[in-house]
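Asker: Residue 101 is where the sequence shown starts when you use the working numbering, and the numbers rise one by one after that.
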Amino acid sequence: MNTTDFTSVFKEALLSTPKTSSSMQPEDFLGHLFTTDKQIAAKTASDFYSGGNLAVRNSWSFDVQALPCFLLLYTMAGCGKLLMNQHVISLTENSLLLLNCRQRFRIDVAVSPWKYQVLFFDNVRAAEMLSLITKEPFCILNATAHSEYVLHLEKLLCLNYEKTMISQLRASDLLNHLLTEFTIEFLKKDQEFRKIPSYIEKIHDLFEEHYEENYSLDDLEARFSISKYRICREFGEYYGITPLQYLNRRRIRIACHLLETTSLRIHEVGSAVGIDNTNHFISLFKKYEGCTPLEYKAREPGS
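Structure (structure tokens):
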């Protein structure tokens with residue numbers, strides 16, 4: 101299905117005239133329409149139809165019979181509302197929604213202005229992944245602005261703005277990774293027998309939210325009054341790597357995001373993620389990404 105077909109399918113699926121501001125059209129609900137290579141889409145089993153950043157006010161309501169796709173919707177500010185199967189779900193700030201659109205749903209503004217990112221796509225694994233999490237056709241995850249899920253969503257949108265075979269292959273790979281991690285996050289919550297110690301969760305949250313600060317194992321030992329050797333052992337049991345390896349990966353993910361979305365210089369990006377030594381930053385970046393920050397920036401769309 102190409103973007104023209106997708107727009108037509110969307111319009112035919114509307115059960116009533118949508119509520120929009122006078123300056124917007126019903127199809128603006130879809131965001132930016134993407135152009136994809138059908139052969140690549142068939143081989144990767146991923147189709148990307150549309151998406152983008154939207155900022156809407158009180159006049160925004162869509163009642164849709166069904167669409168042959170899924171959507172990811174991340175709320176940045178304000179609040180939206182999903183009505184489906186007699187459920188009323190609030191799409192609050194920092195919520196990430198995965199929705200199977202193959203049955204009737206309605207989306208409204210709840211708190212204006214509502215700012216969100218949306219991606220309409222289809223993927224052979226999406227339904228299977230969703231079924232592992234819930235019996236419902238939707239699920240919601242809390243995700244902060246710089247969480248891995250949100251960074252992946254932003255990268256997916258960027259890759260689909262660029263109309264190349266390479267970008268489509270990267271987008272398909274990234275989507276599969278996002279869906280896998282999304283599913284794992286929910287499955288981990290169900291495994292009560294592997295309850296993560298509270299101090300390990302606190303260390304994890306520190307690295308997620310305050311990655312730019314300086315940390316050492318001695319600092320963590322003093323802060324939590326727990327042996328640094330025990331910290332390394334137990335952190336590794338739950339996250340698969342040592343605390344400082346996790347921190348470095350987190351910093352490099354944020355650095356990639358800054359290189360893609362800002363005009364900061366290389367040393368400024370390093371400092372922003374807590375690595376003031378530029379040579380060390382470049383070396384660490386190359387270790388995780390396989391190229392220097394400058395090479396990474398040069399190959400990104402819009403560079």
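Using N, Cα and C, we set each Cβ at its ideal position, and we do this for glycine too.
1. Contact defined as beta carbons within less than 8 Å: I believe LEU253 pairs with TYR174. What is the distance between those atoms, to the nearest angstrom?
2. Relative to the C-alpha of PHE307, which residue among LYS328, ILE352 and ALA227 is closest?
3. Return the chain-ordered list of same chain residues with a C-beta closer than 8 Å to the C-beta of ALA86, the five sequence neighbours on each side being excluded.
4. Using 8 Å as the Cβ pair cut-off and three pairs as the minimum, do the stretch 147–160 and the stretch 205–219 touch?
5. Any chance the stretch 325–345 sits against the stretch 358–378, with 3 or more Cβ pairs inside 8 Å?
6. Are VAL164 and ALA113 close, meaning C-beta to C-beta below 7 Å?
7. For GLN268, is the classification buried or exposed, using 16 other Cβ atoms within 10 angstroms of its Cβ as the cut-off for buried?
8. Ignore the nearest five residues each way along the sequence and tell me which others in ILE354's own chain have a CB closer than 7 Å to its CB.
9. Measure the beta-carbon distance from LEU172 to LEU198 and round it to whole angstroms, keeping in mind my assumption that it falls under 8 Å.
10. I need the DSSP call for SER231, collapsed to helix, strand or coil.
11. So ILE69 and LEU320 are supposed to be a Cβ contact under 8 Å. How far apart are they, rounded?
12. When you compare only the Cα positions, how much space is there between ARG204 and CYS169?
13. Tell me whether GLN217 is buried or exposed, calling it buried when 16 or more other Cβ atoms sit within 10 Å of its Cβ.
14. Out of curiosity, what's the CA-to-CA distance linking CYS332 and ILE240?
15. Among GLY390, TYR329, TYR396 and GLY336, which one has its Cα closest to the Cα of HIS357?
16. Does ASN200 come out as helix, strand or coil in the three-state DSSP assignment?
17. Could you tell me the distance, in whole angstroms, from the CA atom of SER190 to the CA atom of ASP208?
18. Let's test the definition: count the other Cβ atoms within 10 Å of the Cβ of ILE375 and tell me whether it reaches 16, buried, or not, exposed.
19. May I ask you to list the residues that DSSP assigns as paired with THR264?
20. With H, G and I counted as helix, E and B as strand and the rest as coil, what does DSSP make of SER298?
21. From TRP160 to SER121, what does the alpha carbon distance come to, in whole angstroms?
Answerer: Put simply:
1. Mapped onto the sequence shown, residue 253 falls at position 153. Mapped onto the sequence shown, residue 174 falls at position 74. LEU253 to TYR174, Cβ: 6 Å. Contact.
2. As a working mapping, residue 307 is identified with position 207 in the sequence shown. Nearest option by C-alpha distance: ILE352.
3. The question about residue 86 has no answer, for the chain in this structure spans 101 to 403.
4. yes
5. no
6. Residue 164 sits at position 64 when you count from the first residue of the sequence shown. Residue 113 sits at position 13 when you count from the first residue of the sequence shown. Yes, these two residues count as a Cβ contact at 7 Å.
7. On the sequence shown, residue 268 is found 168 positions in, with the first residue counted as 1. Buried, by the Cβ-count rule.
8. By one-based count along the sequence shown, residue 354 stands at place 254. Excluding positions up to five away in sequence, the list reads HIS246, TYR311 and VAL373.
9. Within the sequence shown, numbered from 1, the residue matching residue 172 stands at position 72. Within the sequence shown, numbered from 1, the residue matching residue 198 stands at position 98. About 6 Å; that satisfies the 8 Å criterion.
10. Along the sequence shown, one-based indexing puts residue 231 at 131. SER231: helix per DSSP, three-state reduction.
11. Residue 69 falls outside the range modelled here, since the chain spans only 101 to 403, and no answer is possible.
12. Residue 204 sits at position 104 when you count from the first residue of the sequence shown. Residue 169 sits at position 69 when you count from the first residue of the sequence shown. The straight-line gap from Cα to Cα measures roughly 12 Å.
13. Counted from its first residue, the sequence shown places residue 217 at position 117. GLN217 is buried by the Cβ-count criterion.
14. Within the sequence shown, numbered from 1, the residue matching residue 332 stands at position 232. Within the sequence shown, numbered from 1, the residue matching residue 240 stands at position 140. Going from the Cα of CYS332 to the Cα of ILE240 covers about 31 Å.
15. The residue you call residue 357 lines up with position 257 of the sequence shown. Ranking the options by Cα distance to HIS357, first place goes to TYR396.
16. The count along the sequence shown starts at 1 and reaches residue 200 at position 100. Of the three classes helix, strand and coil, the one that applies to ASN200 here is strand, per DSSP.
17. For the purposes of this step, residue 190 is taken as the residue at position 90 of the sequence shown. For the purposes of this step, residue 208 is taken as the residue at position 108 of the sequence shown. Those two C-alpha atoms are separated by around 10 Å.
18. By one-based count along the sequence shown, residue 375 stands at place 275. It counts as buried.
19. Residue 264 sits at position 164 when you count from the first residue of the sequence shown. Answer by DSSP bridge pairing: none, since THR264 is not bridged.
20. Locating residue 298 in the sequence shown gives position 198, where the first residue counts as 1. In this structure, SER298 counts as helix in the three-state DSSP scheme.
21. In the sequence shown, the residue the question calls residue 160 occupies position 60. In the sequence shown, the residue the question calls residue 121 occupies position 21. Whole-angstrom Cα-Cα distance: 7 Å.
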